[in-house]
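Taking our numbering, the leading residue of the sequence shown gets 20, the next gets one more, and so forth.
Structure first, then comments.
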Amino acid sequence: MIAIDGLSFGYREGEFRLAIPALRVDRGEKLAVIGPSGSGKTTLLNLIAGILTPRAGKVAVAGTEVSTLGDAGRRDFRIRHIGFVFQDFELLDYLNVLDNILHPYRISALRLDRGVRERAEGLAERLGVGDKLKRQANDLSQGEKQRVAICRALLPGPRLILADEATGNLDPRNKGRILDLLFDSVDAHSATLLAVTHDHELLPRFDRVVDFADFQAESQIGAAA
Numbered sequence: 020m021i022a023i024d025g026l027s028f029g030y031r032e033g034e035f036r037l038a039i040p041a042l043r044v045d046r047g048e049k050l051a052v053i054g055p056s057g058s059g060k061t062t063l064l065n066l067i068a069g070i071l072t073p074r075a076g077k078v079a080v081a082g083t084e085v086s087t088l089g090d091a092g093r094r095d096f097r098i099r100h101i102g103f104v105f106q107d108f109e110l111l112d113y114l115n116v117l118d119n120i121l122h123p124y125r126i127s128a129l130r131l132d133r134g135v136r137e138r139a140e141g142l143a144e145r146l147g148v149g150d151k152l153k154r155q156a157n158d159l160s161q162g163e164k165q166r167v168a169i170c171r172a173l174l175p176g177p178r179l180i181l182a183d184e185a186t187g188n189l190d191p192r193n194k195g196r197i198l199d200l201l202f203d204s205v206d207a208h209s210a211t212l213l214a215v216t217h218d219h220e221l222l223p224r225f226d227r228v229v230d231f232a233d234f235q236a237e238s239q240i241g242a243a244a
């Protein structure tokens with residue numbers, strides 16, 4: 020599902036550099052990514068989603084080399100195939116909760132019909148925000164915003180789910196509910212989950228865990244060779 024080779028990335032200003040010699044994530048796999056703040060975990064998700072492009076190397080998702088697409092191509096691919104749960108939610112304050120969840124359908128060729136609306140309402144109900152569909156996003160708590168963002172990411176039934184601290188603002192009970200929903204969506208759509216998390220209590224539930232410290236060590240060895 021995800022194939023990364025020889026990836027390197029750096030911002031124009033600052034000393035941050037990200038180097039990943041190789042990373043593979045199989046279809047249907049549930050992968051957790053851990054590591055210290057500032058190590059590049061969120062940057063990796065943005066590169067996989069095509070929000071950022073690498074300086075060198077290849078990033079492919081489901082056989083499509085996302086890193087070679089133009090701006091419009093990356094955006095269209097992301098909307099159609101990737102559900103992204105952003106760490107800062109990326110909700111639109113001028114829309115109510117339901118319209119935020121439906122937003123991927125309003126900015127793409129995805130068909131918005133009654134069935135989609137019913138799925139949106141069902142997701143919201145399952146995540147405990149079904150009674151807040153008419154509220155504006157800026158009237159929600161942080162935890163409620165998090166759950167709305169997850170509903171939006173899962174609604175199209177994406178082939179790949181990227182979750183950046185999806186449980187970070189939630190209490191223990193809701194953390195379990197969120198993880199159950201993410202895993203259910205992966206199983207239902209034969210999808211793949213790549214989740215960045217600092218919550219080590221959740222790690223045993225994943226198929227595999229990748230530590231960003233390993234990439235840093237490999238990069239240092241390569242530079243010294």
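Glycine included, each C-beta is placed from N, C-alpha and C at the ideal position.
(message) Are the CB atoms of I23 and G76 within a distance shorter than 8 angstroms?
(response) Going by C-beta atoms, G76 is nearer than 8 angstroms to I23.
(request) Using a threshold of 8 angstroms, state whether the C-beta atoms of T186 and I197 are closer than that. (result) Yes, they are a contact pair.
(message) Using a Cβ-Cβ cutoff of less than 8 angstroms, which residues in the same chain neighbour R31 once the five nearest sequence positions on both sides are dropped?
(response) No residues qualify anywhere along the chain.
(request) Just the C-alpha distance for Q165 and P123, rounded to the nearest angstrom, thanks. (result) Near 17 angstroms, if we compare the C-alpha coordinates of P123 and Q165.
(request) Determine the extent of the alpha helix (DSSP H) in which D203 is found, giving its start and end residues. (result) Counted as a single uninterrupted DSSP element, the alpha helix (DSSP H) harbouring D203 occupies residues P191 to A207.
(request) Look up N119 in the DSSP assignment and give the residues it is bridged to. (result) According to DSSP, which records beta bridges pairwise, N119 is partnered with nothing at all.
(message) Cutting at 7 angstroms between CB atoms, please list the residues of its own chain near F119, excluding the five before and the five after it.
(response) The identity of residue 119 in the sequence shown is Asn, whereas the question assumes Phe. Taken in chain order, the residues that qualify are L110, L111, A156, V167 and R171.
(request) Report the residue from V135, I67 and G57 whose alpha carbon sits nearest the alpha carbon of G176. (result) G176 has its Cα closest to that of V135, out of V135, I67 and G57.
(request) Would you tell me roughly how many angstroms separate the C-alpha atoms of F35 and G57, rounded to the nearest one? (result) So the alpha carbons of these two residues sit roughly 8 angstroms apart.
(request) Taking 8 angstroms as the threshold, find out whether the region 179-195 comes into contact with the region 92-109 through three or more Cβ pairs. (result) Three or more pairs of CB atoms, one per stretch, sit closer than 8 angstroms, so the region 179-195 contacts the region 92-109.
(request) Quick one: residues in its chain with C-beta nearer than 7 angstroms to the C-beta of S14, no 5 flanking neighbours on either side, listed in chain order? (result) The first residue shown for the chain is 20 and the last is 244, placing residue 14 beyond what the model contains.
(request) Determine the extent of the beta strand (DSSP E) in which D24 is found, giving its start and end residues. (result) Note, D24: beta strand (DSSP E), I21 to G29.
(message) Give me the DSSP bridge partner(s) of F103.
(response) F103 is bridged to L181.
(request) Look up I39 in the DSSP assignment and say whether it is helix, strand or coil. (result) Strand.
(message) Quick check on V148: does DSSP put it in helix, strand or coil?
(response) DSSP places V148 outside both helix and strand once states are collapsed to three, so it counts as coil.
(message) Could you check whether the region 135-152 touches the region 188-205, counting it as contact only if at least three pairs of C-beta atoms, one from each stretch, sit closer than 8 angstroms?
(response) Contact check between the region 135-152 and the region 188-205: three or more CB pairs, one atom from each, fall below 8 angstroms, which counts as touching.
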